Structures are given as structure tokens and as C-alpha cells.
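Working notes for the structure below.
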Amino acid sequence: MRTRWLPFIAAAMALGTAASGRASDLAEIKETQKKILERLDAQDKILKDIQAKIQQLPAGGGRPQIDPNKLYEIPIADSSIRGPKDAPVTLVEFSDFQCPFCAQTTPLLEQVLAAYPKQVRFVYKQFPLEQIHQNALAAAKASIAARHQGKFWEMHDELFKISRELSPENIRAKARLIGLDLKKFDADLASPATEKEVRDDIALGRSADVQGTPTLFINGKRVTNRSLDGMKAMIDDALEKAKS
Numbered sequence: 007m008r009t010r011w012l013p014f015i016a017a018a019m020a021l022g023t024a025a026s027g028r029a030s031d032l033a034e035i036k037e038t039q040k041k042i043l044e045r046l047d048a049q050d051k052i053l054k055d056i057q058a059k060i061q062q063l064p065a066g067g068g069r070p071q072i073d074p075n076k077l078y079e080i081p082i083a084d085s086s087i088r089g090p091k092d093a094p095v096t097l098v099e100f101s102d103f104q105c106p107f108c109a110q111t112t113p114l115l116e117q118v119l120a121a122y123p124k125q126v127r128f129v130y131k132q133f134p135l136e137q138i139h140q141n142a143l144a145a146a147k148a149s150i151a152a153r154h155q156g157k158f159w160e161m162h163d164e165l166f167k168i169s170r171e172l173s174p175e176n177i178r179a180k181a182r183l184i185g186l187d188l189k190k191f192d193a194d195l196a197s198p199a200t201e202k203e204v205r206d207d208i209a210l211g212r213s214a215d216v217q218g219t220p221t222l223f224i225n226g227k228r229v230t231n232r233s234l235d236g237m238k239a240m241i242d243d244a245l246e247k248a249k250s
């Protein structure tokens, strides 16, 4: 690629030589030419590396294709659960309190739980998108700190009400509103163990091919139709399989 620039460099050298016949000037011009060629070589290598990486990407986009029928093992462990703990169907959401799409999905999930009050348990997993949502991690830690006082779902609901205004002051105001011990809340919020819980959920999500939020699973199968009818169809199918 650098060869296209050689005529221009040679012309510059000729002009410089014509302007001055001094050996020192000629040596300086040659040194400048050398530096220019080195920079062009470096840029050429960078471009080739970029092209090689582009060619390695899967066809049809930058993200690998995900099998919609794949079943994932998503351990519940100590996650917060809404609904009967022994329900035959488990609905898992990887979510971000600052994600507008997650906030919009919350009413849908409430409808699903209302339609299946005894058959479905809802499990919330933390997946804050820190690169684009600067307050998402703080909100995730706040919900875990609230869980340590037995009020995860109260904090969950309040945080989604202010998903566009998740400042530290507003988050702490919600902690006060739901009646948390603020001294303990602040301590848990700052605890490395609390952040580790968030990081563990993120790692779990990545192992389940979670790439964005919200991502939903019903009995380990990814939800591709996030409508009430679509989710009901998946739940009904899961209930039938549970009977057999």
C-alpha cells in the first residue's frame, strides 16, 4: 500500500535537493523519507489486521447466531424469587435497572405472573450494561443491599419507577422510602461482596449467551416472542412437558 506514496515522496526529495545541494539537507530529507515509510508500513499493518478480523466475523452480523431451541442451565441459587418457590415453570430475566426496554417489559412480566399465580416463579438476574448505563451497577448493588434486608422486590419495583433518574441520591431516597436501615444499606452497598454478586450474575448471563437486556428464559429456553401470547404459549408447553 505504501508504494502509492513513493512518487510523492520522491518528488519531495527532488524538490528538496534542487533547493539545496548541501549534504546535510539531503541526509535530512532521506531521514524524513524513512520515517514516512515506516509510518505507512505501520498503518498498512493496522489495516490488514482490521480486515483479517472483519473476515473472521460470522456472516450476517457481528454477533454469533444463537440457537433459539438451546436449553441453558441457569442455577437459581440465592436469587430473588417472586411466586411459589416450587412452581413447575421458572421464568428468568437478565435485566438492567437503567434499561428502558427492561422497564417496559416489567408490566408484561406482571401480567404473566398474574395469569399463572401458582405455576410460574420469576427469578431476577443482574446484568447491568455498564458501558452505556452509568448508574446501572449502582442500582443493581442497591437491589442486592435491599435483599439483605428482605426487601428486594420493593426496591426492584421502585428502581424501575425511576429508571431514567437513577442518581445515587434518588436510589438512597428509595431505600429510605421502603424502610431500609440506611446504615446497613450503605455498608452493603459499598461491600465488595455485594458487587461480586452482581459480577457472578453477569458471568452467568454471558455463559447463557446473554448479549443485552432484557433477556428472558422459560425453563432454560430463551424467549424469542416477548408478547403475552408468546410467553403464554411457551409456559403452556413447559407445563405440558412437566406433566409427562
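Heads up, the final residue of the sequence shown is numbered 250 in our numbering, and it's a clean run with no missing numbers.
Just so it is clear, CB atoms sit at the ideal spot from N, CA and C, and this is done for glycine as well.
Since the model is a prediction, treat every value here as computed from it, not as a measurement.
- The three-state reading of DSSP puts V216 in coil, since its state is none of H, G, I, E or B.
- G236 sits exposed, since fewer than 16 C-beta atoms from the chains shown fall within 10 Å of its C-beta.
- With a threshold of 16 other beta carbon atoms within 10 Å, I72 falls short and is exposed.
- The DSSP assignment places complete beta strand (DSSP E) segments of no fewer than 3 residues inside the stretch 180 to 239 at 221 to 224, in order along the chain.
- With a cutoff of 8 Å on beta-carbon distance, K180 and M161 are scored as near each other.
- Under DSSP, the beta-bridge partners assigned to R88 are F128.
- Under the DSSP definition of a beta bridge, F100 partners with K131 and T221.
- With distances taken between CA atoms, H139 lies nearest to F103 out of V129, G156, G185 and F103.
- For K147, the enclosing alpha helix (DSSP H) starts and ends at A142 to R153.
- Taking a C-beta distance under 8 Å as the contact criterion, L77 and G185 do not qualify as a contact pair.
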